[in-house]
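Let me begin by presenting the structure, written as C-alpha cells, before commenting on it.
In full-length UniProt numbering, the protein residues as written are 1 to 710.
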C-alpha cells in the first residue's frame, strides 16, 4: 500500500499548545511552503506566557519523523506488511473476540501508556473500547509513577482526581520533595515556566526548599537544598508533623470543622521526632525542626512531592502526609497553599460521593488489589507467563512501551512472544510494539485536534484552549478516536460520540458554562482565573468530610515504624528525569539527542571504588544486569546511584533509527517487580539495591554499553 500525499498545510502562523508533557505550553508555529519554519512560545498564552522547552521546539521533527507509521501493519514472522484499515480493524476485533471466546473475557489485557492522557481523542474514546472488551486485566502507566497521588486523594477527599496543587504563584514557602520541575516542567503541577515561578517566590521574600537524594537542576533555583536518603521521605514528613503538633503550631482553620481524624494525628506522629528519624533520613534533626517551624509559621505555604516520592516503598504514605501537612498548617484549600483546580471541562461533574475506588478485585498470581479499575503493572509479565485458568493470552497496548517502562522489563520482553495475539495502537515500531501481530498507527502531534482534558485538573490557573490541527492527514491515515470507534463498533455494535461532541457537552455542563465554539474563538486560550477555595462543596467522600487519617494509611504505619530500624543497603539506585526527554519515545528526535551520552550512571566519589569518569561499569541488581558508563559527581549523595529512565534501545526489531544510535540501557532491567508500595501497588523504581563494579575488558575490542538482557 502506498500513502496518498497529504494536502499541504495552510501557510501562516498557527497557535496551539504542546501536548508532549503536562505543562501544555502555548506555541506559535510558523508554516511556509508546507513546512514548519519556526516554533516558539506563545507570549499571549494565559498559562505559559511564552515559555517553551526543547521538546516543544521539536514538535515539527516528530511530525516529519520518517520512522513514524501511518498505515496499519501486520507482522508475519519478522516481516511487516501494510494493510487497509477495514481489514486491519476486522482482523483485530475477530482475534480479540476469538481469544476471549476460548479463554474468557479476562484473557485479554490492556496497557495504556502516558501519551494516552496527552491526546484527547484517545482519552475520550478509549474507555468505550475498554468497556466493550469487558476485561478486568487493565494496566497503565499510572501504577508506574503516580498511583500514590490518586490513592491518597481518593482516601482523603473521595476521588482520585481531587489532587491538591501547590499555588506556586501566591505562596511564601514552597517545600518540594522528590520533585524536579526544572526538568519535568512541573508534574501533577501544570505550571509552565517553573524557573520564573520559583524566582518570583524568592524575589517576593519567600522560601523555596528542596529535598532530594540528588542535587537536581531545580536545586540551583531553590533557596536551599538538603539531601535525603531514598525512601525515607515519609519518615521526614512524619517528623515535620511531630514538631508542628507537639509544639502547638497546628492551625487547620476553617477545615477543622469538616475533617475527621485530626485529634489522632498527635499520637501517631509522636514517635517520629527529628532525632528518631535522623539516622534513616540523613537530614540533621536541627534542619528538620527549622523547616517544620518555618513552614507552620509562613503566611502561606505549600508542600509538594512528585515522582521521587511516588516510586518508592512508602509512596502512598508520602502523598497522604504531604496533604496532611498542608491541612494541619491551614494551607489546604487556601490561596498560596495547596488548592483544588476547577477546570472548564471537569471530569468530576456527575461523580457520586462514597464511591469505592480500590480492592474490588485482585490479580490472579499475587492477589494484588486493583485501583480505579486497573491492576499494578508490575504484575503484567507474571500474569502472561504463569499458566493456568485466567492466564493472559492476548494484549492491547495503547501509546505505551512497557518493555522499557515497567519493572524487570526484560521479563515482559520474554513474555510477549508467547501471546496468542497482540495489537498495538501506536505510531511507532518500538521495543514493545515489535512483538505485536498488528500495529494500528494513529495520526498524532500537529495533525490532531486536541483539548487538554486531564492537565487542566492539575493547573495553577484555570484556562481553556482548543488546539487546531496544523497539518491535514492523508486519506490513508486515521485519528485515534476513529480507531477506537471502529473497534468499539465491531465489538459491541455501538457507535461513539465524537470527541468534539463530548467536549462541547462537558464544557456546557462545567463550572464556567462554555461551549466548544467559545473556546475555539480564542486561539491563545481563555483565561478563567486563579484557583479558588472549593471545600467542602467539592468533597466526594461518603461522609462529605475530609479524612485526615484514613484506615489504610493507619494500618500501613506499622510498616513505616519498622523502617526506623531497617538497615540501609550500601548502594541504592534511583531514576533521573531529563528536560530533553519524555520517557522513551522522545529519543528518536535528532535535535533532542545531540551532545554527549546522557545515559550514564551517576555515582558519588565516595562510591566510585576506583572507577573513573566515562569508564564502563557493570551494574547488578537481584533481577538483572547492565553495562553503562559512569559519571562521577558529588550531585548525588553517598550511597546513591542515578540512572535516567527511558533508554534501552538496543533490542533488535524496533525501527527507531535515532534512538538505536543512542541506545543506552534500561533502568527497568534492574528494578524489581516484587518491590512495591504495599499500600498502593505502585512500582518501586527508586530504592533498588545494586552492586557496581568495573565492566570486564574484552581482548581486542572495547565493550559496548547495553543491557545484558538484550
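Note that the Cβ used here is the ideal one computed from N, Cα and C, for glycine as well.
> Rounded to a whole number of angstroms, what is the C-alpha to C-alpha distance between residue 709 and residue 627?
Replying inline: Low confidence applies to residue 709: its pLDDT is 36, below 50, so where it sits in the model is not reliable enough to give any reading.
> Which residues share a DSSP beta bridge with residue 173?
Replying inline: Residue pairing from DSSP places residue 173 in a beta bridge opposite 207 and 301.
> Per DSSP, what kind of secondary structure is residue 726 in: helix, strand or coil?
Replying inline: Residue 726 lies beyond the stretch modelled for the chain, which goes from 1 to 710, so this question has no answer here.
> Can at least three beta-carbon pairs, one atom from the region 67-85 and one from the region 403-410, be found at a separation below 8 Å?
Replying inline: Result no; under three Cβ-Cβ pairs closer than 8 Å.
> From which residue to which residue does the beta strand (DSSP E) around residue 17 run?
Replying inline: From DSSP, the beta strand (DSSP E) with residue 17 extends over 12-17.
> Hey, how far is the Cα of residue 592 from the Cα of residue 329?
Replying inline: Taking the Cα positions, residue 592 is about 42 Å away from residue 329.
> For residue 643 versus residue 580, is the C-beta distance shorter than 8 Å?
Replying inline: Not closer than 8 Å, so no.
> Out of 605, 607, 583 and 611, which has the shortest C-alpha to C-alpha gap to residue 599?
Replying inline: Residue 599 has its Cα closest to that of 583, out of 605, 607, 583 and 611.
> Name the DSSP bridge partner or partners of residue 38?
Replying inline: Bridge partners of residue 38: 30.
> What are the boundary residues of the alpha helix (DSSP H) that residue 100 is part of?
Replying inline: Run containing residue 100: 85-103, per the alpha helix (DSSP H) assignment.
> Based on Cα-Cα distance, which residue from 100, 338 and 96 lies nearest to residue 252?
Replying inline: The residue from 100, 338 and 96 with its alpha-carbon nearest to that of residue 252 is 338.
> Quick one: what's got a C-beta closer than 7 Å to residue 483's C-beta in the same chain, skipping five residues either side?
Replying inline: Answer for residue 483: 425, 440 and 442, listed in chain order.
>> Counting C-beta neighbours from all protein chains within 10 Å, is the total for residue 701 16 or more, i.e. buried, or is it exposed?
In response: Interpretation of residue 701 is limited by its pLDDT of 42, a score under 50 that renders its predicted location unreliable; the figure taken from the coordinates is listed afterwards. With fewer than 16 Cβ atoms within 10 Å of its Cβ, residue 701 is classed as exposed.
> What is the rounded straight-line gap between the Cα of residue 201 and the Cα of residue 169?
Replying inline: Residue 201 and residue 169 have their C-alpha atoms spaced approximately 7 Å apart.
>> Between which residues of its own chain and residue 477 is the CB-CB distance below 6 Å, once the five residues before and five after are set aside?
In response: Residues 70 and 443 of the same chain have their beta carbon placed closer than 6 Å to that of residue 477, with the five preceding and five following residues left out of the count.
> What residues match up with residue 529 in a beta bridge as DSSP calls it?
Replying inline: Per DSSP, 462.
> Taking the DSSP output, what are the residues bridged to residue 456?
Replying inline: Partner(s): none; residue 456 has no beta bridge.
> Candidates 379, 612 and 610: which alpha carbon is nearest residue 362's?
Replying inline: Out of 379, 612 and 610, the CA that lies nearest to the CA of residue 362 is found in 379.
>> Please classify residue 468 as buried or exposed, where buried requires at least 16 other C-beta atoms within 10 Å of its C-beta.
In response: With fewer than 16 neighbouring CB atoms inside 10 Å of its own CB, residue 468 falls in the exposed class.
> Roughly how many angstroms separate the alpha carbons of residue 359 and residue 130, rounded to a whole number?
Replying inline: Approximately 19 Å between the Cα atoms of the pair.
> Of all the options 179, 214 and 95, which has the alpha carbon lying nearest to the alpha carbon of residue 166?
Replying inline: Among 179, 214 and 95, the Cα nearest to that of residue 166 is on 179.
>> I'd like the list of long-range same chain contacts for residue 672, defined as Cβ closer than 8 Å, with 5 residues on each side in sequence excluded.
In response: Excluding sequence neighbours, residue 672 sits near 407, 408, 621, 622, 623, 684 and 688.
>> Quick test of your reading: residue 531 and residue 460, contact by CB under 8 Å. State the CB separation rounded to the nearest angstrom.
In response: Your pair residue 531 and residue 460 checks out as a contact, with CB atoms roughly 7 Å apart and the cut at 8 Å.
> Is there contact between the region 140-149 and the region 43-51, where contact requires at least three CB pairs shorter than 8 Å?
Replying inline: A contact is defined here as three or more CB-CB pairs under 8 Å, and the region 140-149 fails this definition with respect to the region 43-51.
> Around the C-beta of residue 34, are 16 or more other C-beta atoms found within 10 angstroms, so that it is buried, or is it exposed?
Replying inline: Residue 34 should be labelled exposed.
>> Which residues does DSSP list as the beta-bridge partners of residue 717?
In response: What the structure shows of the chain is the stretch from 1 to 710, and residue 717 is not part of that stretch, so it cannot be assessed.
> Unbroken alpha helix (DSSP H) runs of length 4 or more, entirely within the region 461-517: which are they?
Replying inline: Listed in chain order, they are 480-492 and 499-509.
>> Within 10 Å of its beta-carbon, does residue 475 have 16 or more other beta-carbons around it, so buried, or fewer, so exposed?
In response: It is exposed - the Cβ of residue 475 has fewer than 16 other Cβ atoms within 10 Å.
> What are the boundary residues of the alpha helix (DSSP H) that includes residue 562?
Replying inline: Boundaries of the alpha helix (DSSP H) harbouring residue 562: 551-563, taken from the DSSP string.
> What separation, rounded to the nearest whole angstrom, lies between the Cα atoms of residue 232 and residue 679?
Replying inline: Taking the straight line joining both Cα atoms gives about 16 Å.
> Exposed or buried, which one is residue 464 when buried takes at least 16 other CB atoms within 10 Å?
Replying inline: For residue 464, the number of other beta carbons within 10 angstroms of its own is at least 16, and it is reported as buried.
> Should residue 315 and residue 148 be called a contact, given that it needs their Cβ atoms to be closer than 8 Å?
Replying inline: Contact flag set, yes.
> What is the DSSP secondary structure of residue 151, reduced to helix, strand or coil?
Replying inline: Residue state for residue 151 is assigned as helix, using DSSP reduced to three classes.
> Roughly how many whole angstroms lie between the Cα atoms of residue 399 and residue 31?
Replying inline: Straight-line Cα distance between these residues: approximately 28 Å.
> For residue 387, does the three-state DSSP call read helix, strand or coil?
Replying inline: Residue 387: coil per DSSP, three-state reduction.
> Which one of 655, 647 and 306 has the shortest CA to CA distance from residue 177?
Replying inline: When only C-alpha atoms are compared, the closest one is 306.
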